[in-house]
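Notes to accompany the following structure.
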Amino acid sequence: MTQFVLENLDVRHGQLKAVKDVNLSIGRGEILALVGANGAGKSTLLRSLAGAHKASAGRILLDGNDISGLTSFQRVKAGVSLVPEGRKLFQDMSVEENLILGGIAGRGGSWTVAKVFEAFPNLVKRRNAKASTLSGGEQQATAIGRALMSNPTVLMLDEISLGLSPAAVDLVYASLNTVKAGTTIVLVEQELSRALQFATRIVCMLEGQFVLDRPAKAVTREEVTASYFGKNRGAH
Amino acid sequence: MLSNLIQAIFLGGYYAMMACGLSFMFSVMRIINLAHGSLAILSAYLLFVLASKFGINPFIGLLIIIPVMAAIGWLLQRRVLDRSARSGELLPVLTTFGLAIVLDNLMFQRFGADTRSLAPYIGDLSWDSYTLPGGLFIGKLQILILVTVIVVIGALQLFLKRTQLGRSIRATAMDPDTAGIVGIDAKRASAAAAAIAMATVALAGAFLGMRATFEPYSGGPQLLSAFEATVIGGLGSLWGTLAGGVILAVAQTLGASVHPQGFLLGGHVAFLLVLFFRLYRNREIVFAWLKRRQA
């Protein structure tokens, strides 16, 4: 059953069209990995889905309702939550305060501060530490926990392994595996092997457009790499 | 001398009362509200009208004027400052400067050049004092002001730390874009902060009217001392603002003891010393900024 639909979506950075007329429909519980080279428009697309960057044309539907006109905080209320690139925690606040703020939309649901600490046990002892003193992995876990606190139906994750040690990335994905049940996930991941392992569907972006869209099981590394650089453009 | 010093501390409490709204607004919205002094005079006039026309005691009048000023703050943020902030950092400063001129002249038109005071409406509180051993006199009103500012600053800190609205105001101050992504209505948080700042301005205006006199153009000097107290205390720190107010008042008192006309000068010197000391301590940042401007 489709849950999240993008129709002819255009996103601009001033004169530059970063996302060009894309269409996509994502089913409930799907885990979609968005891959592509730097500057392909992945982060811009996620930010526009979260309402942080207004799309210049097109529609975004959540469970059949048009949410394109909503601001970012209204979209969180509607059930779309983003873990932004670079974590973007509130640095002067403690881990707990960051998490509590994540629940401000008041959607209700099973996520509580206690449950986030259960899913990310490495945060427990850092509960009252300021976000600025956390390690990269702890910051990422807090950022994900903060997004989960809104009990999203669609969770978007932007570059969660960026700047983390491989061990920390393992930990983050291990926790994600425990929280993913029932939630639709859209993630931007530079590391192809992670994307192929975690996602159920791979979409490759090139110059603002989708050039490949396959179930993760039915695609090889080579095919994805080829579309990264536009080698099979037209053949798609 | 001791007596002077004690009086200076109480005067500092008054400066901090005047400054805490300015400091709060700057720390939360990065807006230096140049209409701050004029808004305090406006609330003093509103209390004066309530007292002289309707016989309402200024303390009771505050129950009406605090919500009125809060509403003005909310509207000011939503209708004016929010829009001007979109066009860069300088525009809100100019906007509030313009607002101060408009307010001053409107008040002049409405209330004339007469000097007013709320002192006649608060009974003996305006002049009564406690006598301490050693012949020290401390005005009851001065004590009330100092206690009020401590309570207000303490309550504001607690509010920012412990309540969800307080947290969202802090989050919006740090990063409005991310605040939105997390689910915070950043515009509402800013408007709430402006409302709170203006509620403190109502208190400051009331105390200004009770302890001294005011006329339509009194806002400027009030803004100046509030601004100096805020900068001395460190922009954006509320307890620092209280310390800043006291330092400013002590410096003025020392200035006055050197020369009868040294009162204001002493304060300005302290302000400039602190300012240059800060610039010197952060000289790397300052030079980097200057270099970027040249490039």
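Protein chains in written order, with our numbering: chain A, 123 to 358; chain B, 3 to 297. Built from N, CA and C at the ideal position, the CB exists for glycine as well.
Thinking just about the alpha-carbon of each residue, which of the options is nearest to the one in residue i?
{"i": "residue 177 of chain B", "options": "A:156, A:137, A:210, A:196", "result": "A:210"}
{"i": "residue 243 of chain B", "options": "B:231, B:41, B:72", "result": "B:231"}
{"i": "residue 267 of chain A", "options": "A:257, A:291, A:240, A:250", "result": "A:240"}
{"i": "residue 75 of chain B", "options": "B:172, B:161, B:40", "result": "B:40"}
{"i": "residue 160 of chain B", "options": "B:241, B:147, B:257", "result": "B:241"}
{"i": "residue 299 of chain B", "options": "B:297, B:4, B:16", "result": "Outside the shown range of chain B (3 to 297) lies residue 299 of chain B, about which nothing can therefore be said."}
{"i": "residue 184 of chain A", "options": "A:153, A:148, A:167, A:243", "result": "A:148"}
{"i": "residue 221 of chain A", "options": "B:50, B:95, B:166, B:125", "result": "B:166"}
{"i": "residue 191 of chain B", "options": "B:139, B:171, B:91", "result": "B:171"}
{"i": "residue 29 of chain B", "options": "B:266, B:127, B:162, B:203", "result": "B:162"}
{"i": "residue 105 of chain B", "options": "B:257, B:46, B:90", "result": "B:46"}
{"i": "residue 155 of chain B", "options": "B:22, B:292, B:36", "result": "B:22"}
{"i": "residue 239 of chain B", "options": "B:9, B:32, B:255", "result": "B:32"}
{"i": "residue 274 of chain A", "options": "A:253, A:303, A:296", "result": "A:303"}
Does DSSP put residue i in a helix, in a strand, or in coil?
{"i": "residue 9 of chain B", "result": "helix"}
{"i": "residue 117 of chain B", "result": "coil"}
{"i": "residue 323 of chain A", "result": "strand"}
{"i": "residue 128 of chain A", "result": "strand"}
{"i": "residue 137 of chain A", "result": "coil"}
{"i": "residue 155 of chain A", "result": "strand"}
{"i": "residue 332 of chain A", "result": "strand"}
{"i": "residue 243 of chain B", "result": "helix"}
{"i": "residue 137 of chain B", "result": "coil"}
{"i": "residue 227 of chain A", "result": "coil"}
{"i": "residue 160 of chain A", "result": "coil"}
{"i": "residue 337 of chain A", "result": "strand"}
{"i": "residue 42 of chain B", "result": "helix"}
{"i": "residue 90 of chain B", "result": "coil"}
{"i": "residue 195 of chain B", "result": "helix"}
{"i": "residue 211 of chain A", "result": "coil"}
{"i": "residue 201 of chain A", "result": "coil"}
{"i": "residue 143 of chain A", "result": "strand"}
{"i": "residue 281 of chain B", "result": "helix"}
How would you call residue i, buried or exposed, if buried means at least 16 neighbouring beta carbons within 10 angstroms?
{"i": "residue 73 of chain B", "result": "exposed"}
{"i": "residue 55 of chain B", "result": "exposed"}
{"i": "residue 129 of chain B", "result": "exposed"}
{"i": "residue 126 of chain A", "result": "buried"}
{"i": "residue 1 of chain B", "result": "Any question about residue 1 of chain B goes unanswered here, given that chain B covers just 3 to 297."}
{"i": "residue 195 of chain A", "result": "buried"}
{"i": "residue 83 of chain B", "result": "buried"}
{"i": "residue 357 of chain A", "result": "Only weak support is given to the placement of residue 357 of chain A: the predicted model assigns it a pLDDT of 46, under 50, and the value that follows is read from those uncertain coordinates. When all chains shown are included, residue 357 of chain A counts as exposed."}
{"i": "residue 92 of chain B", "result": "exposed"}
{"i": "residue 304 of chain B", "result": "An answer regarding residue 304 of chain B cannot be provided, because it is not within the stretch 3 to 297 covered by chain B."}
{"i": "residue 307 of chain A", "result": "buried"}
{"i": "residue 339 of chain A", "result": "exposed"}
{"i": "residue 233 of chain A", "result": "buried"}
By the criterion of Cβ-Cβ separation under 7 Å, what are the contact partners of residue i in chain B?
{"i": "residue 219 of chain A", "result": "169"}
If we ignore side chains and look at the alpha-carbon of each, how far apart do residue i and residue j end up?
{"i": "residue 202 of chain A", "j": "residue 324 of chain A", "result": "20 Å"}
{"i": "residue 150 of chain A", "j": "residue 103 of chain B", "result": "58 Å"}
{"i": "residue 48 of chain B", "j": "residue 269 of chain B", "result": "30 Å"}
{"i": "residue 12 of chain B", "j": "residue 148 of chain B", "result": "6 Å"}
{"i": "residue 321 of chain A", "j": "residue 310 of chain A", "result": "11 Å"}
{"i": "residue 248 of chain A", "j": "residue 67 of chain B", "result": "45 Å"}
{"i": "residue 255 of chain A", "j": "residue 259 of chain B", "result": "48 Å"}
{"i": "residue 158 of chain B", "j": "residue 316 of chain A", "result": "47 Å"}
{"i": "residue 341 of chain A", "j": "residue 196 of chain B", "result": "55 Å"}
{"i": "residue 221 of chain B", "j": "residue 71 of chain B", "result": "16 Å"}
{"i": "residue 282 of chain B", "j": "residue 289 of chain B", "result": "10 Å"}
{"i": "residue 260 of chain A", "j": "residue 326 of chain A", "result": "29 Å"}
{"i": "residue 26 of chain B", "j": "residue 235 of chain A", "result": "29 Å"}
{"i": "residue 173 of chain B", "j": "residue 226 of chain A", "result": "12 Å"}
{"i": "residue 276 of chain B", "j": "residue 248 of chain B", "result": "14 Å"}
{"i": "residue 344 of chain A", "j": "residue 300 of chain A", "result": "29 Å"}
{"i": "residue 4 of chain B", "j": "residue 182 of chain B", "result": "52 Å"}
{"i": "residue 79 of chain B", "j": "residue 96 of chain B", "result": "14 Å"}
{"i": "residue 237 of chain A", "j": "residue 245 of chain A", "result": "11 Å"}
{"i": "residue 185 of chain B", "j": "residue 177 of chain A", "result": "19 Å"}
{"i": "residue 123 of chain B", "j": "residue 173 of chain A", "result": "54 Å"}
{"i": "residue 291 of chain A", "j": "residue 257 of chain A", "result": "12 Å"}
{"i": "residue 273 of chain B", "j": "residue 234 of chain B", "result": "6 Å"}
For residue i, go through chain A and note every residue whose CB falls closer than 8 Å to its CB, in chain order.
{"i": "residue 172 of chain B", "result": "212, 214, 215"}
Going along chain A, which residues have a C-beta under 7 Å from residue i?
{"i": "residue 187 of chain B", "result": "195"}
{"i": "residue 79 of chain B", "result": "Near residue 79 of chain B there are no residues of chain A at all, since even the closest Cβ is about 17 Å away, more than 7 Å."}
Can you name the residues of chain B whose CB is closer than 9 Å to the CB of residue i?
{"i": "residue 268 of chain A", "result": "184"}
{"i": "residue 174 of chain A", "result": "179, 180, 182, 183"}
Cβ closer than 9 Å: which chain A residues qualify as neighbours of residue i?
{"i": "residue 176 of chain B", "result": "212, 213, 214, 215"}
Below 8 Å, is the gap between the Cβ of residue i and the nearest heavy atom of the ligand GDP?
{"i": "residue 197 of chain A", "result": "With respect to small molecules bound, the structure shown includes none, and the ligand GDP cannot be examined in it."}
Please compile the residues from chain C whose C-beta is within a distance smaller than 8 Å of the C-beta of residue i.
{"i": "residue 227 of chain A", "result": "Checking the listed chains, one finds no chain C in this structure; the protein chains it contains are A and B."}
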